[in-house]
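Residue numbers (the working numbering), protein chains in the order written: chain A, 161 to 510; chain B, 161 to 510.
Just so you know, even glycine gets a beta-carbon here, dropped at the ideal spot from N, CA and C.
Being a predicted model, the structure only gives us computed values, none of them experimental.
Worksheet for the structure shown next.
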DNA sequence: GATTTGTTTGAAAGCGTCTTCAAATCGGGC
DNA sequence: GCCCGATTTGAAGACGCTTTCAAACAAATC
């Protein structure tokens with residue numbers, strides 16, 4: 161018995177044809193219960209496992225999904241955005257629950273996407289996470305659509321997109337958290353992030369910010385806007401410094417991502433500004449770190465767990481050729497101490 | 161032209177046999193340069209991609225590795241240990257750099273491992289990360305060895321192991337950080353973690369702790385040891401509370417993981433004990449959060465980037481049948497404020 | 001011119017599975 | 001005893017690629 165057992169080995173020992181073994185193994189009703197039991201027993205005894213390559217080749221699909229994670233090669237520090245990491249966890253779970261395997265691939269933003277998992281039959285579809293500048297990515301996305309590639313994108317729903325995306329309602333999330341800031345009596349609220357179609361998620365958060373302001377009778381002040389594209393702590397730190405240096409006066413800060421918010425908090429501390437007493441700070445994403453920040457960071461939570469499931473389910477629909485639509489999920493404010501709404505008493509456990 | 165192009169389509173258009181196409185595509189020297197160019201051009205034109213299932217089936221390997229991540233089903237919160245997450249990132253990179261794809265699979269600790277990626281030819285080998293209680297896992301590991309499964313394990317090097325593992329030198333790391341604590345004048349140092357062969361990494365860190373103590377002429381005090389197995393904040397919180405309640409007096413705390421250390425710091429704060437003034441706290445792992453803790457957490461860094469490369473390279477050797485050995489990597493103390501060695505001035509950027 | 005050597009090529013045999021199609025078997029019902 | 005339907009089975013043909021083996025051809029040697 162050299163090498164791995166094949167279905168022929170089982171067929172031989174069970175005294176049936178290989179076709180019957182295949183049927184028995186895969187639960188076909190065309191095989192008698194008695195035969196199935198015999199085959200299953202022998203398969204187990206020989207520690208037989210179906211060869212997925214052969215099976216996939218024959219059936220023309222792989223029961224595998226591929227996750228494409230994009231990273232900026234400029235930051236040699238290979239630290240991935242924690243938010244994506246938690247998405248990764250939830251996507252893996254969602255896949256497993258549906259019997260799919262998950263292939264992970266890091267893509268360089270600068271280079272052409274290595275997105276041929278479907279063409280090579282290694283995966284039945286793709287999930288795209290964090291592709292950077294949307295306007296740049298757009299032509300590649302459309303190319304994928306034209307090629308008939310099965311994929312879902314995590315991100316904002318844009319007006320005339322031809323692909324399908326799943327994202328959270330960034331406008332609503334931004335509005336809600338800024339409304340909360342306004343309810344605390346804050347009036348001069350800075351925005352760290354981005355405000356153009358290049359980064360639609362950030363743009364939407366900014367839109368929500370504007371909506372909340374206007375609903376409160378305030379007009380957004382350009383002087384309070386600091387452009388920051390990368391979701392890193394350093395970028396947030398520098399952005400907050402810049403805002404302080406502008407000397408325009410502000411009593412709150414809405415950062416488009418938690419990492420930026422945490423950098424901003426550190427900058428404010430270094431500049432001798434008390435958070436939240438002098439400046440309230442809020443972020444977006446609710447990454448695990450947010451809870452441990454000092455003070456704990458108020459932010460907007462995206463339900464990554466559900467997001468993973470929706471992404472996978474949507475992709476599966478696309479693969480099966482069923483009708484599928486883009487989805488917008490709610491974003492919920494998580495109030496902690498950095499916004500000044502919670503007294504500094506002992507934090508609640510966990 | 162319905163369906164995906166095959167090598168036969170290319171052969172037809174190029175006026176050569178399918179065998180030649182295959183050779184040209186895979187860079188065989190057995191094909192003339194002229195022919196190769198023609199084939200390559202047509203392949204590109206037709207957007208042809210080699211079917212990996214067919215290719216893998218024929219060649220009997222998949223150029224894919226599988227990463228098995230274990231999780232405790234008791235904590236329904238699907239939060240993965242941040243340390244593993246950064247290992248994941250580095251492993252993915254290492255795989256990509258070597259031309260391998262990576263398959264991710266979450267395993268339930270309680271159930272039998274679903275480790276048949278190699279048997280099904282979906283992957284050429286496995287990387288095991290965080291399999292929980294080693295003594296429990298041991299029989300499964302040996303079963304894998306007996307089956308001839310290609311795998312590497314991330315974890316401590318144990319005396320009589322039959323598998324191959326890559327880990328950091330936990331004894332040395334523990335010793336180094338406790339020596340540092342002693343150098344700060346701390347004498348009553350608590351240990352939160354575990355001290356038995358069930359969790360060899362924690363045990364080794366404890367051994368390092370004892371070594372440092374004894375080298376300083378101190379005897380480890382059982383009363384300062386709190387058993388904590390799970391690397392979570394809550395567990396660390398509770399452990400620190402217990403130690404306070406014991407009223408045995410302590411001026412420092414060494415937690416076997418950063419998450420535990422962060423929980424402990426919160427507990428101490430809640431109990432009115434100042435960190436680091438009254439109690440110095442150090443952790444292990446240097447997870448991204450550690451830098452953001454309040455005060456920033458002194459800890460022991462494991463070089464995850466290199467770890468990923470070593471894991472992958474070792475596994476690749478095993479797959480190729482080359483001699484491979486277990487590796488122990490150095491663990492480096494990272495001094496921040498929580499141990500009292502750094503003045504509380506403005507933190508350095510990034 | 002015959003033989004050798006070296007370079008390119010094509011035919012064909014798998015790799016291990018799934019699935020179509022036809023055949024075999026078994027009960028009944030008449 | 002014969003025919004019909006239902007249930008199980010087996011033979012054989014893909015699936016798309018890689019690789020051995022032999023053949024074809026050109027160049028080079030004697």
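Cβ neighbour criterion (16 or more within 10 Å) applied to residue i
| i | result |
| --- | --- |
| residue 250 of chain A | buried |
| residue 420 of chain A | buried |
| residue 168 of chain A | exposed |
| residue 299 of chain B | exposed |
| residue 194 of chain B | exposed |
| residue 282 of chain A | buried |
| residue 189 of chain A | exposed |
| residue 261 of chain A | buried |
| residue 185 of chain B | buried |
Inter-residue spacing [alpha-carbon to alpha-carbon] between residue i and residue j
| i | j | result |
| --- | --- | --- |
| residue 313 of chain A | residue 325 of chain A | 5 Å |
| residue 310 of chain A | residue 322 of chain A | 12 Å |
| residue 465 of chain B | residue 489 of chain A | 35 Å |
| residue 385 of chain B | residue 369 of chain B | 11 Å |
| residue 433 of chain A | residue 388 of chain A | 21 Å |
| residue 304 of chain A | residue 495 of chain B | 48 Å |
| residue 506 of chain A | residue 455 of chain B | At residue 506 of chain A the pLDDT is 49, less than 50, meaning the model places this residue with poor confidence and gives no usable figure here. |
| residue 397 of chain B | residue 406 of chain B | 14 Å |
| residue 173 of chain A | residue 202 of chain A | 8 Å |
| residue 209 of chain B | residue 197 of chain A | 41 Å |
| residue 180 of chain A | residue 459 of chain A | 58 Å |
| residue 403 of chain B | residue 348 of chain B | 12 Å |
| residue 390 of chain A | residue 319 of chain B | 46 Å |
| residue 187 of chain B | residue 414 of chain A | 54 Å |
| residue 211 of chain A | residue 435 of chain B | 57 Å |
| residue 330 of chain A | residue 399 of chain A | 21 Å |
| residue 508 of chain B | residue 450 of chain A | The predicted model places residue 508 of chain B with a pLDDT of 46, which falls under 50 and marks its position as unreliable; any figure quoted below should be read in that light. Approximately 20 Å, taken between the alpha carbons. |
| residue 267 of chain A | residue 408 of chain B | 53 Å |
| residue 276 of chain B | residue 170 of chain A | 18 Å |
| residue 448 of chain B | residue 177 of chain B | 55 Å |
| residue 510 of chain A | residue 242 of chain B | Because the pLDDT at residue 510 of chain A is just 38, under 50, the model does not fix this residue reliably, and the value given afterwards should be weighed accordingly. Each residue's Cα considered, the two are about 16 Å apart. |
| residue 334 of chain B | residue 422 of chain B | 17 Å |
Of the residues the options, the one placed nearest residue i, counting alpha carbons only
| i | options | result |
| --- | --- | --- |
| residue 206 of chain A | B:279, B:406, B:411 and B:336 | B:279 |
| residue 497 of chain B | B:363, B:452, B:490 and B:474 | B:452 |
| residue 297 of chain B | B:220, B:273 and B:361 | B:273 |
| residue 457 of chain B | B:424, B:474, B:477 and B:475 | B:424 |
| residue 336 of chain A | A:447, A:222, A:230 and A:375 | A:375 |
| residue 394 of chain A | A:353, A:261 and A:339 | A:353 |
| residue 259 of chain B | B:242, B:275, B:284 and B:240 | B:284 |
| residue 338 of chain A | A:355, A:304, A:371 and A:357 | A:371 |
| residue 418 of chain A | A:358, A:493 and A:474 | A:493 |
| residue 437 of chain B | B:163, B:175, B:412 and B:187 | B:412 |
| residue 378 of chain B | B:199, B:403, B:397 and B:350 | B:350 |
| residue 462 of chain A | A:357, A:446 and A:450 | A:446 |
| residue 163 of chain B | A:267, A:220, A:400 and A:276 | A:220 |
| residue 328 of chain B | B:269, B:247 and B:292 | B:247 |
| residue 293 of chain B | B:175, B:232 and B:383 | B:232 |
| residue 359 of chain B | B:410, B:301, B:290 and B:472 | B:290 |
| residue 200 of chain A | A:216, A:183, A:230 and A:472 | A:183 |
| residue 474 of chain B | B:242, B:287 and B:401 | B:287 |
| residue 332 of chain B | B:269, B:476 and B:361 | B:361 |
| residue 355 of chain A | A:340, A:401 and A:416 | A:416 |
| residue 263 of chain A | B:302, B:166 and B:222 | B:222 |
| residue 392 of chain A | A:216, A:175, A:218 and A:244 | A:244 |
| residue 383 of chain B | B:357, B:410 and B:373 | B:410 |
| residue 230 of chain B | B:265, B:380 and B:340 | B:265 |
Proximity test, residue i beta-carbon vs the ligand ATP heavy atom, cut-off 8 Å
| i | result |
| --- | --- |
| residue 402 of chain A | Among the components of this structure there are no ligands whatsoever, and the ligand ATP is therefore not found. |
### alpha helix (DSSP H) runs wholly inside the segment 340-422 of chain A, at least 4 long, in chain order
360-375 and 393-406
### Task
Could you name each continuous alpha helix (DSSP H) segment of 4 residues or more that falls completely within the segment 216-289 of chain A, going from the start of the chain to the end?
Listed in chain order, they are 242-257.
### Task
Go through the segment 433-498 of chain B residue by residue and report every complete run of the alpha helix (DSSP H) that reaches 4 residues or more, in order.
464-480
### Query
Can you find at least 3 beta carbon pairs, one from the segment 481-500 of chain B and one from the segment 326-346 of chain B, that sit closer than 8 Å?
yes
#### Entry: Stretch pair the segment 457-474 of chain A + the segment 253-270 of chain A: three plus CB contacts closer than 8 Å
Using a Cβ-Cβ distance cut-off of 8 Å, the segment 457-474 of chain A and the segment 253-270 of chain A are in contact, since at least three pairs of beta carbons, one from each stretch, lie closer than that value.
### Query
Would you call the segment 430-444 of chain B and the segment 220-229 of chain B touching, i.e. three or more CB-CB distances under 8 Å?
no
### Query
Given 8 Å as the limit, is there contact between the segment 468-487 of chain A and the segment 477-484 of chain B, that is, 3 or more CB pairs closer than that?
no
### Query
How do the segment 360-380 of chain B and the segment 421-433 of chain B stand: do at least 3 beta-carbon pairs fall below 8 Å, yes or no?
With the cut-off at 8 Å, the segment 360-380 of chain B and the segment 421-433 of chain B do not touch.
### Query
Hey, which unbroken runs of the alpha helix (DSSP H) at 4 residues or more fall wholly within the segment 306-339 of chain B?
none
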